[in-house]
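Going by the numbering used here, the sequence shown opens with residue 1, and the numbers climb by one from there.
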Amino acid sequence: MLKDILTPQKLKSELEHSNLSQIAKRYGVSKQYMTQVFAEYRKQYPHLFPETYPSKEWLENALKQNTILGICNETGLSYHRIRKLMDEYGIPKNTVTARFDKQKIRQQYVVYRWSDKEIAEEYGCSVYLVKKFRYDHQIFKNDRLPLKDCLTKDMAQKLINNYHLGLNEIHYIFDATPNEIQKLLESYQISFPCQDQPFSHTSSFLRDLKHQILSGFANPNNNSDIV
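Here it is, written out as structure tokens:
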């Protein structure tokens, strides 16, 4: 476990020359988990980790390049604490939605069929904020091409027979519910073959495959059909 290697004393030493994000990467864990460990250590060993807060100048510069959530992960401070510091310093609330690009999000959601979760991860915000932004700017699911026009019978056969994709993996690529996928495959008279052992794919493989498939719809002159 991480705590067996990264003791409170070791973490204190690491923090002298690295931030939490860099330490998390070094130990192969998520920034969120590293922040959680730091919070636990700080509560258990306050003498090792006295609370220090960033200056107004540092926080202003950080907010120009990062989200509040990103700053929380970097500093180990809570979202509430960063917000309180912004109020105390008189720093305007630079909301995530101020950085939203309407055309970019429309393309991501409508053309590339990114899910609200994928968009939220890119901006470092909640899924709720993405959904609200879409609704406020009239970016709806029915703006997308019908599922049958993207997931054709030939495409479905390739994904299942050549790439051995399962229902949830196809659901991820097209951001459609498993029920929508299943009903469409039934209309094609296609079913998933029984497998003694499940076939798994890495998230990076699925992201690349999704981009390869849907980029053809973004640029109809680019014949990027999978082989």
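Here a beta-carbon is modelled for each residue, glycine too, at the ideal position from N, C-alpha and C.
As the structure is a prediction and not an experimental result, all values here were calculated from the model.
Would you list, in sequence order, the uninterrupted alpha helix (DSSP H) runs of no fewer than 4 residues that lie entirely inside the segment 100 to 144?
Counting only unbroken stretches of 4 or more residues, the alpha helix (DSSP H) elements lying wholly within the segment 100 to 144 are 102 to 106, 116 to 123, 127 to 136, in sequence order.
For I105, is the classification buried or exposed, using 16 other Cβ atoms within 10 angstroms of its Cβ as the cut-off for buried?
By the neighbour-count criterion, in which 16 or more other beta carbons inside 10 Å mark a residue as buried, I105 falls on the buried side.
With 16 other CB atoms within 10 Å as the buried threshold, where does G76 fall?
Here G76 is buried. Its C-beta has 16 or more other C-beta atoms within 10 Å.
My output table needs one value for Q189: the three-state DSSP class, helix, strand or coil.
When secondary structure is reduced to three states using DSSP, Q189 falls in the coil class, being assigned neither helix nor strand.
In its own chain, which residues sit with a C-beta less than 8 Å from the C-beta of K12, not counting the 5 before and 5 after it?
Result list for K12: L48, F49, in chain order.
Please report the distance separating the alpha-carbon of E180 from that of Q107.
Rounded to the nearest angstrom, the two C-alpha atoms are 22 Å apart.
Rounded to whole angstroms, what's the CA-CA distance from K3 to G166? Just pull it up for me.
Rounded to whole angstroms, K3 to G166 spans 36 Å at the Cα level.
Quick check: I139 and Y112, are their CB atoms within less than 8 Å of each other?
Not in contact: I139 and Y112 (Cβ atoms no closer than 8 Å).
Apart from the five residues on each side of it in sequence, which residues of its chain come closer than 7 Å, Cβ to Cβ, to L159?
If we look at L159 and ignore the five residues flanking it on each side, its Cβ neighbours are L165, I170.
Just the Cα atoms here: how many angstroms apart are M155 and I213?
Each residue's Cα considered, the two are about 9 Å apart.
What first and last residue would you give for the alpha helix (DSSP H) that runs through F231?
Look at the range of the chain in this structure, 1 to 227, and you will see that residue 231 is not part of it.
Going by C-alpha distance, which of S191, D149, Y163 is nearest A176?
Considering only S191, D149, Y163, the residue with the shortest C-alpha distance to A176 is D149.
7 Å CB neighbourhood of S21 in its chain, flanking five on each side removed:
Result list for S21: K31, N73, E74, in chain order.
If you draw a straight line from the C-alpha of Q9 to the C-alpha of Y33, how long is it?
Distance between the alpha carbons of Q9 and Y33 is about 18 Å.
Give the C-beta separation of K117 and V127 to the nearest angstrom, bearing in mind that I take them to be a contact with Cβ-Cβ under 8 Å.
Yes, K117 and V127 are in contact; Cβ-Cβ is about 6 Å, under 8 Å.
Boundaries of the alpha helix (DSSP H) in which H80 is found, first to last residue
H80 -> alpha helix (DSSP H) spans 79 to 89.
At the level of alpha carbons, what is the spacing between Q103 and P193?
Looking at the two C-alpha atoms, the distance is approximately 40 Å.
Can you give the Cα-Cα distance for R42 and Y53, rounded to whole angstroms?
Straight across, the Cα-Cα distance linking R42 with Y53 is about 14 Å.
Quick check on this structure: which residue in S55, G90, C125 has the alpha carbon closest to the alpha carbon of I68?
Checking every option, the nearest Cα to that of I68 belongs to C125.
Can you tell which of L145, E60, S18, Y45 has its C-alpha closest to the C-alpha of T7?
Closest by alpha carbon: Y45.
Taking buried to mean at least 16 other C-beta atoms within 10 Å of its own C-beta, is L184 buried or exposed?
With 16 or more other Cβ atoms within 10 Å, it is buried.
Taking just the CA atoms, how far does D101 sit from R134?
Distance between the alpha carbons of R134 and D101 is about 11 Å.
Helix, strand or coil for L15, going by three-state DSSP, please let me know.
Of the three classes helix, strand and coil, the one that applies to L15 here is coil, per DSSP.
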